[in-house]
Structures are given as C-alpha cells and as structure tokens.
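S.K.:
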Amino acid sequence: MDQKASLWQRLGIQGWFLTDEQSPGKKKQQSLTPDDVYNYMISKFNDSIRELSFADRVVFYHEYIISFNTADYTSFLNNRQGIFGLIVNETVKRFYETLKQYRAAGKTVKPSSSKWVFRLVSHPDYEPGDIGFIGKLMPGNSQKEENLKVTFIPRQTGIAQTFDISQDILKGFNYYSEGYYEVPYDESLETDEEKSVNPSQKHYARFETILPEKQFAGKKVEFLMLDSEIVVSGNDETREERNVFRIPTDWVNAPHLQIRYNKSDGKFYLASFGEKTILNENEVPKSDINSPQWVELPVNSKILLNGIVGVNIFK
5 MDQKASLWQR
15 LGIQGWFLTD
25 EQSPGKKKQQ
35 SLTPDDVYNY
45 MISKFNDSIR
55 ELSFADRVVF
65 YHEYIISFNT
75 ADYTSFLNNR
85 QGIFGLIVNE
95 TVKRFYETLK
105 QYRAAGKTVK
115 PSSSKWVFRL
125 VSHPDYEPGD
135 IGFIGKLMPG
145 NSQKEENLKV
155 TFIPRQTGIA
165 QTFDISQDIL
175 KGFNYYSEGY
185 YEVPYDESLE
195 TDEEKSVNPS
205 QKHYARFETI
215 LPEKQFAGKK
225 VEFLMLDSEI
235 VVSGNDETRE
245 ERNVFRIPTD
255 WVNAPHLQIR
265 YNKSDGKFYL
275 ASFGEKTILN
285 ENEVPKSDIN
295 SPQWVELPVN
305 SKILLNGIVG
315 VNIFK
C-alpha cells in the first residue's frame with residue numbers, strides 16, 4: 005500500500021526539504037521564540053502592503069495564518085501559556101504604528117475588513133523551527149478563491165519561499181481554540197489599551213475659543229485633539245465623530261479648517277477651506293477640500309476665523 009503523500013509532496017515542493025540524513029553537517033534547527041513569531045508576522049504585514057497597495061491606497065492582509073511544527077506549537081501552549089495572546093496584541097499595535105505613518109504621509113488607509121484575525125496552527129509535515137504564513141485580505145471570507153499566497157521558510161535554506169495553494173490544502177492544518185484571535189479593526193488606528201489612557205494625559209493638542217454669541221459670554225469652548233487629524237467646523241456640521249471640533253456658531257464655515265499632526269517632524273499643519281482664516285496675523289490661502297494646501301501651525305498660535313472667532317492652540 006502506498007504511503008500517504010505529505011503536504012509538501014501534494015504541493016510538488018518536496019525537493020525543498022532535506023532530512024537529517026541528507027544534510028549530516030547541518031545544525032539542528034532551534035525551536036522558535038516569541039520574538040521570531042512577532043518579527044515574522046510584522047514582516048508579512050509589511051510585505052502585504054508592498055504587494056497589494058496601489059496609487060495612494062494602502063492595502064494589507066487582515067487574516068494571518070501562522071503555521072508551526074507540532075512540537076514547537078505544543079511548547080508554546082504548555083510552557084508559555086498565554087504568550088500567543090501577548091504576541092498578537094503587540095503585533096496589532098505595531099500594525100497601527102505603521103499605518104499611522106502612511107496616513108500622516110497623506111496616504112489613504114482604509115480597511116478591507118472590520119477585524120484582524122490570527123490563526124496560529126500546527127501541521128505534522130513541519131519540522132522544528134519551520135514557520136509558514138498564509139495571508140487573506142478579508143477574514144472569514146466564504147467566497148471561493150482559486151489560490152492563496154503561502155510563504156514558507158524551509159529548514160534547508162532558511163530563505164522564505166512563496167507559492168500558491170488551493171483552499172483544500174488548508175484542511176491539513178490543525179486549528180486550536182487557544183491559537184485563534186479576533187481583534188476589531190479600529191479606524192483611529194489605536195488599540196483598546198491605548199484608548200484606555202486618560203485623555204488628559206494623551207492628546208496631541210488643546211484648543212480654546214471664545215464665541216461672540218451672548219449665551220457664551222465669558223465662557224471658553226475647549227477641545228482636546230485626540231486624533232492625529234481633526235476638522236474644525238461650524239453650526240452646519242452634522243458629523244459627531246471625536247475628530248470633529250464643532251464650534252457652535254454661524255461665523256465658522258462647515259468645514260472651515262483641517263489640522264494635522266505630523267509624527268515624523270513633530271509639527272502641526274493647517275489647511276483652510278473657510279471664507280477667511282488668519283494665522284498669527286497672516287492670511288492663510290483658501291484650499292480646495294479635495295486638495296488641501298498645508299501651512300505650518302506652531303503651538304501657542306492664534307487663529308482668527310472670518311474675522312470674528314478666535315481659536316488658540318496649546319500643547
């Protein structure tokens with residue numbers, strides 16, 4: 005009776021791998037560390053951005069199937085209980101850091117799914133130290149796909165190889181509840197851990213304005229900039245997101261300003277869409293809303309909107 009073909013024989017890449025007898029001088033591969041897994045997932049995320057992005061749109065995988073040798077996987081579960089969850093948490097934080105940099109550079113960062121999915125699995129044909137990756141654009145997608153991209157690091161060379169597989173090949177992988185994680189995608193590019201920080205301790209800037217209306221006489225309207233980009237708007241504004249600073253007056257256009265914090269140089273920038281904007285006694289050119297013209301906005305600046313409403317920015 006013929007022996008059942010291995011995963012790699014069914015894929016036609018059996019020749020990539022050497023047994024210990026075929027490579028007597030080769031050192032035995034060490035087992036994987038948490039840092040190996042973390043760095044591997046980060047590298048696959050960055051690869052997906054390079055391979056999938058186009059024009060100014062940043063595209064990336066949302067599902068990550070990371071495959072191990074059975075003994076390596078068991079070692080993670082038995083000797084390092086809970087480490088997978090910590091790795092996933094740190095990985096998503098790093099994903100967001102990278103995406104924030106693209107957004108700050110003016111790129112369009114929009115998800116193809118509402119969640120991140122991580123499946124850490126084992127396969128009997130993997131040898132100790134082997135690690136593989138399958139990426140998907142939309143987690144849990146029931147649509148039948150012709151092929152999936154797979155990256156695998158064989159112990160023969162230690163060099164990553166990429167090839168296509170059919171959906172049926174996934175049936176050979178063993179999934180465990182301990183290795184499955186779902187994390188909601190957050191449009192603000194922040195983890196729940198970052199959101200739990202006291203807003204008074206984590207904000208980019210603070211804005212104050214004094215309004216001419218009688219009902220606001222002697223009162224200041226304050227706004228904390230919790231996101232790296234905000235919109236300053238007036239009474240006609242209908243959006244209620246936290247990155248919209250709605251000033252309750254008819255003297256401010258809707259929208260009037262867009263303000264951005266650039267992490268790379270640590271500076272604020274302003275673009276004006278309103279009728280008239282004065283920044284530190286200098287008029288700011290009016291921009292088209294689809295093509296903003298950015299002007300540096302120093303901290304402690306004074307902004308005057310339509311000659312009536314003053315706004316100050318503080319760190």
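Going by this note's numbering, the residue at position 275 of the sequence shown is 279; the numbering climbs one at a time, nothing skipped.
For glycine and all other residues, C-beta sits at the position ideal for the given N, C-alpha and C.
Predicted model, so just to flag it, every value in this text is computed and none were measured.
(1) What are the boundary residues of the beta strand (DSSP E) that Lys-237 is part of?
(2) Just list the residues that DSSP pairs Pro-188 with in beta bridges.
(3) Measure the C-alpha to C-alpha separation of Phe-318 and Trp-255 and round it to an integer number of angstroms.
(4) Kindly identify the DSSP beta-bridge partner or partners of Tyr-68.
(5) For the candidate residues Leu-124, Pro-216 and Leu-36, whose alpha-carbon lies nearest to that of Leu-309?
(6) Kindly indicate which three-state DSSP category Glu-87 falls into: helix, strand or coil?
(7) What is the DSSP secondary structure of Thr-112, counted as helix, strand or coil?
(8) Enumerate in chain order the residues of its own chain whose CB-to-CB distance from Pro-302 is below 7 Å, with the five nearest sequence positions on each side excluded.
(9) Got a sec? Which residues, its chain only, sit under 6 Å from Tyr-185 by beta carbon, not counting five neighbours each side?
(10) What's the C-alpha gap between Lys-271 and Glu-300?
(11) Using 10 angstroms around the beta-carbon of Ala-59, count the other beta-carbons present and answer buried if the total reaches 16, otherwise exposed.
(12) Is it the case that the CB of Ser-47 approaches a heavy atom of the ligand PLP more closely than 7 Å?
(13) State the beta-bridge partners of Lys-306 as determined by DSSP.
(14) So for Val-256, helix, strand or coil by DSSP?
(15) Have a look at Phe-64 and Gly-110 and give me their C-alpha separation to the nearest angstrom.
(16) DSSP three-state call for Phe-80: helix, strand or coil?
(17) Taking the DSSP output, what are the residues bridged to Ala-209?
(18) Entirely within the region 245-299 and at least 4 residues each: give me those alpha helix (DSSP H) ranges in chain order.
(19) Please classify Asn-145: does DSSP put it in a helix, a strand, or coil?
(20) Hey, quick one: how far does the alpha helix (DSSP H) through Leu-56 stretch, first residue to last?
(21) Could you check the C-alpha separation between Arg-264 and Asp-51 for me, to the nearest Å?
(22) By Cβ distance, which residues of its chain are closer than 7 Å to Ser-57, with the 5 residues on each side in sequence left out?
(23) So the candidates are Asn-73, His-66, Tyr-106 and Glu-94; which of them puts its Cα closest to the Cα of Gly-133?
M.R.: On the basis of the data shown:
(1) As written in the sequence, residue 237 is Ser, which differs from the Lys given in the question. Boundaries of the beta strand (DSSP E) harbouring Ser-237: 233-237, taken from the DSSP string.
(2) Lys-119
(3) 22 Å
(4) The bridge partners DSSP lists for Tyr-68 are Phe-122 and Gly-139.
(5) Of the listed residues, the one whose Cα sits closest to Leu-309 is Pro-216.
(6) Looking at the sequence itself, residue 87 is Ile, so the reference to Glu does not match. In the structure shown, Ile-87 sits in a helix (DSSP, three-state: H, G or I).
(7) strand
(8) none
(9) Answer for Tyr-185: Val-92 and Phe-122, listed in chain order.
(10) Using only the alpha carbons, I get a separation of about 7 Å.
(11) With fewer than 16 other beta carbons inside 10 angstroms of its own, Ala-59 counts as exposed.
(12) As far as ligands go, the structure on display features none, and thus does not contain the ligand PLP.
(13) Asn-316
(14) coil
(15) 17 Å
(16) In the three-state DSSP reduction, Phe-80 falls in the helix class (H, G or I).
(17) Met-229
(18) DSSP assignment within the region 245-299 yields no whole alpha helix (DSSP H) run of 4 residues or more.
(19) Here the model assigns Asn-145 a pLDDT of 47, short of 50, so the residue's position is not dependable, and the following value carries that caveat. In the structure shown, Asn-145 sits in coil (DSSP, three-state: anything other than H, G, I, E or B).
(20) 38-56
(21) 28 Å
(22) Val-63
(23) Asn-73
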